[in-house]
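Read through the structure below, which is laid out as structure tokens, and then see the notes.
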Ligand code: ADP
Ligand code: MG
């Protein structure tokens with residue numbers, strides 16, 4: 011039988027973007043991932059370079075097109091005209107804006123581990139556009155930006171957080187931002203109640 015790794019070993023990358031630091035939401039954001047039961051295995055503050063940002067987003071060769079398609083779809087859904095009908099053109103604009111955004115101030119990069127870490131972090135982070143992201147998500151609760159406002163002002167959408175979009179993306183992104191020795195392997199006591207098959211040893 012092929013040995014597959016347990017779901018509790020899944021990891022994801024979260025970067026609190028410069029607006030998250032400026033809004034003094036670092037504690038709030040980290041607290042939201044902590045209270046889910048995820049384990050923090052890496053954490054650092056840094057000033058990213060434009061090259062680091064460009065490389066980060068282009069780890070996925072389809073990202074430029076996908077980000078463009080997502081923006082165009084959001085305009086069409088509202089019955090509005092997108093700034094360009096070509097997703098690659100829109101995607102190219104977004105990468106320029108992201109380089110400016112991410113280099114405007116410090117960010118906090120972190121790695122979180124736990125069952126379905128990638129999917130669950132995305133769920134509670136909320137959709138890309140805060141205007142339409144769900145109530146109760148971090149982006150939905152703490153920020154009000156939109157595609158149209160970002161386009162009008164020729165800047166990136168300020169949505170506080172980057173979170174990996176898939177397990178493959180997470181693996182590549184964690185390698186991009188963290189060296190192996192910056193990730194800590196340790197046991198979190200609460201993992202027993204989250205994952206252990208038998209809850210023995212609780213009763214005295
Ligand atoms: P997510 O961060 O939700 O995974 P994407 O990977 O599609 O979103 O885009 C990366 C980031 O680029 C977004 O979080 C947002 O800050 C910014 N962004 C995306 N699309 C646009 C756009 N059309 N205009 C301005 N900024 C954008
Ligand atoms: Mg993304």
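Numbering (this note's numbering), first residue to last: 11 to 214.
No residue lacks a Cβ here, since even glycine has one placed at the ideal position from N, Cα and C.
Check: residue i C-beta below 7 Å from any heavy atom of ligand 2
| i | result |
| --- | --- |
| residue 175 | yes |
CB of residue i within 8 Å of CB of residue j, strictly
| i | j | result |
| --- | --- | --- |
| residue 170 | residue 30 | yes |
| residue 20 | residue 128 | yes |
| residue 178 | residue 131 | no |
| residue 26 | residue 117 | yes |
| residue 156 | residue 150 | no |
| residue 160 | residue 18 | no |
| residue 138 | residue 49 | no |
beta-carbon residue i near ligand 1 non-hydrogen atom, thresh 7 Å
| i | result |
| --- | --- |
| residue 169 | yes |
| residue 107 | yes |
| residue 157 | yes |
| residue 186 | no |
| residue 66 | no |
Nearest residue (CA-CA) to residue i, options the options
| i | options | result |
| --- | --- | --- |
| residue 181 | 140, 100 and 122 | 122 |
| residue 158 | 58, 100 and 203 | 100 |
| residue 183 | 120, 97 and 148 | 120 |
| residue 163 | 80, 110 and 187 | 110 |
| residue 66 | 124, 108 and 89 | 108 |
| residue 197 | 23, 35 and 47 | 47 |
| residue 134 | 113, 146 and 114 | 146 |
| residue 187 | 15, 22 and 16 | 22 |
Integer Cβ distance of residue i from residue j, believed to fall under 8 Å
| i | j | result |
| --- | --- | --- |
| residue 33 | residue 152 | 7 Å |
| residue 75 | residue 148 | That pair is no contact at about 27 Å. |
| residue 154 | residue 141 | 7 Å |
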